[in-house]
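Undergrad: The structure's right below; bear with me while I get my questions together.
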Amino acid sequence: MDYNARIEELLDDMSVFEDWTEKYEFIISIGRRLPAMPEKFRKNSNLIKGCQSRVWLQADLTPEGKVHFQAESDALIVKGIVTLLIRVLDQQTPDDILSADLHFIEDIGLKDHLSPTRSNGLVAMLKQMKLYAMAFKAKMG
12 MDYNARIEEL LDDMSVFEDW TEKYEFIISI GRRLPAMPEK FRKNSNLIKG CQSRVWLQAD
72 LTPEGKVHFQ AESDALIVKG IVTLLIRVLD QQTPDDILSA DLHFIEDIGL KDHLSPTRSN
132 GLVAMLKQMK LYAMAFKAKM G
């Protein structure tokens, strides 16, 4: 499934919630379902700089030329936010990640409902995901 279809699916999922308390509960619940990141990837080099909480992000290039992301966080809401990003960008090509229009962040109002430090963390997570995609694109030639 391409990232646009994943965004539409996510927007549909979020549209059933009346208020931001329910949306936060949904974001936390999907974060709880994020597969555990292997301990070997929880190292300083995988920590996202600029996040209030600790967030580890690991990316690998699959033999099919797609990027696979794994993440972990010590804060439930942040784990949910990174899960949203992974839900949209995981198993996409580096080009697709680099060109992705992640309008869903504004469409669901996420950026407006985060504290400034959490918002900075969201930007830092996206930046790191795109940096991984750039590196894999360069590696692929």
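With positions in the sequence shown counted from 1, the corresponding number in the numbering used here is that position plus 11. Idealized CB from N, CA, C, for every residue including glycine.
What would DSSP say about residue 52, mapped onto helix, strand or coil?
TA: helix
Undergrad: I'd like to confirm the pairing. Which residues does DSSP put opposite residue 66 in its beta bridges?
TA: 84
Undergrad: Please give me, in chain order, every unbroken run of the alpha helix (DSSP H) with length at least 4 that falls completely inside the segment 68–141.
TA: 87–100, 105–110 and 115–118
Undergrad: Going by C-alpha to C-alpha distance, which of 137, 109 and 89 sits closest to residue 38?
TA: 89
Undergrad: Taking its Cβ as the centre, do 16 or more other Cβ atoms sit within 10 Å of residue 132, making it buried, or is it exposed?
TA: buried
Undergrad: Which residue comes first and which comes last in the alpha helix (DSSP H) that contains residue 38?
TA: 31–43
Undergrad: Would you mind stating whether residue 45 and residue 93 have Cβ atoms separated by less than 9 Å?
TA: yes
Undergrad: Out of 110, 151, 83 and 26, which one is the CA nearest neighbour of residue 55?
TA: 83
Undergrad: Among the candidates 13, 126, 103 and 50, whose CA atom is the shortest distance from the CA of residue 148?
TA: If we check each option's Cα against that of residue 148, 103 comes out closest.
Undergrad: Can you find the residues in the same chain that come closer than 8 Å, C-beta to C-beta, to residue 127, ignoring five residues on each side of it along the sequence?
TA: none
Undergrad: Could you say if the segment 58–77 and the segment 23–31 meet the contact criterion of at least three C-beta pairs nearer than 8 Å?
TA: no
Undergrad: Evaluate residue 34 with the Cβ neighbour count: other Cβ atoms within 10 Å of its Cβ, from every protein chain shown; 16 or more gives buried, anything less gives exposed.
TA: buried
Undergrad: Go to residue 22, then tell me how far its alpha helix (DSSP H) extends in each direction, as first and last residue.
TA: 14–26
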